[in-house]
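Numbering (the working numbering), first residue to last: 1 to 135.
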Ligand SMILES: [Fe+2]
Ligand SMILES: [Fe+2]
């Protein structure tokens, strides 16, 4: 699968968040490369764990930022994060249990949710936070 190419249309205009989203893209691409260059399961497992850990870190950073600015849709946003985290962890569990056939599924899932979540859900707070003076 082709690497995910960052595009400015994904930017939400808040420096720290955009940096974190870019870092997530980078990690997903690392995972993609680890899969397609046939690197060992050990390596895959490590990279996979990195993706999940960074995702969790990013989600809580974003939630803190939204909460401290009294973002009205915080509950719905947190719910989305929880669902995504659960799905990702389920896949991780299967993967660690030896189901390596799911790697394609994992890649599709990660790319999909990243794009959809940033474009449809994260984008919703862009104007709100900007109006609050968050840059
Ligand atoms: Fe989010
Ligand atoms: Fe995000």
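We treat Cβ as the ideally placed atom computed from N, Cα and C, and that holds for glycine.
Exercise. Compute the Euclidean distance between the alpha carbons of residue 54 and residue 95, then round it to the nearest angstrom.
Key: Working through the chain shown from its first residue, we reach residue 54 at position 54. Working through the chain shown from its first residue, we reach residue 95 at position 95. Each residue's CA atom was taken as its position, placing residue 54 and residue 95 some 18 Å apart.
Quiz item: Roughly how many angstroms separate the alpha carbons of residue 123 and residue 129, rounded to a whole number?
Solution: Taking the first residue of the chain shown as 1, we reach residue 123 at position 123. Taking the first residue of the chain shown as 1, we reach residue 129 at position 129. Counting only the Cα atoms, residue 129 lies some 10 Å from residue 123.
Self-check item: residue 162 - DSSP class collapsed to helix/strand/coil
Solution: Any question about residue 162 goes unanswered here, given that the chain covers just 1 to 135.
Quiz item: Assuming residue 121 and residue 21 make a contact with CB atoms under 8 Å, what is their CB distance in whole Å?
Solution: As a position in the chain shown, residue 121 is number 121, starting the count at 1. As a position in the chain shown, residue 21 is number 21, starting the count at 1. The C-beta distance from residue 121 to residue 21 rounds to 12 Å, too long to meet the 8 Å contact threshold.
Quiz item: Just to confirm, does residue 122 get its C-beta within under 7 Å of one of the non-hydrogen atoms of ligand 2?
Solution: As a first step, residue 122 is located in the chain shown; it is residue number 122 there, counting from the start. Checking every heavy atom of ligand 2 against the Cβ of residue 122, one is found closer than 7 Å.
Quiz item: For residue 107, which three-state DSSP category applies?
Solution: What you label residue 107 is simply residue 107 of the chain shown in a count that begins at 1. Three-state DSSP puts residue 107 in a helix.
Quiz item: Given residue 58, which residues of its chain have a CB within under 7 Å of its CB, disregarding the five upstream and five downstream residues?
Solution: Your numbering for residue 58 matches position 58 in the chain shown. Same-chain partners within the cutoff: 20, 24.
Exercise. Give me the Cβ distance between residue 74 and residue 66, rounded to the nearest whole Å; I'm assuming they're in contact under 8 Å.
Key: Position 74 of the chain shown holds residue 74. Position 66 of the chain shown holds residue 66. The distance from the Cβ of residue 74 to that of residue 66 is about 5 Å, consistent with a contact at the 8 Å cut-off.
Self-check item: Closer than 7 Å: residue 126 CB and nearest ligand 2 heavy atom
Solution: The count along the chain shown starts at 1 and reaches residue 126 at position 126. Here the distance from the Cβ of residue 126 to the nearest heavy atom of ligand 2 is not below 7 Å.
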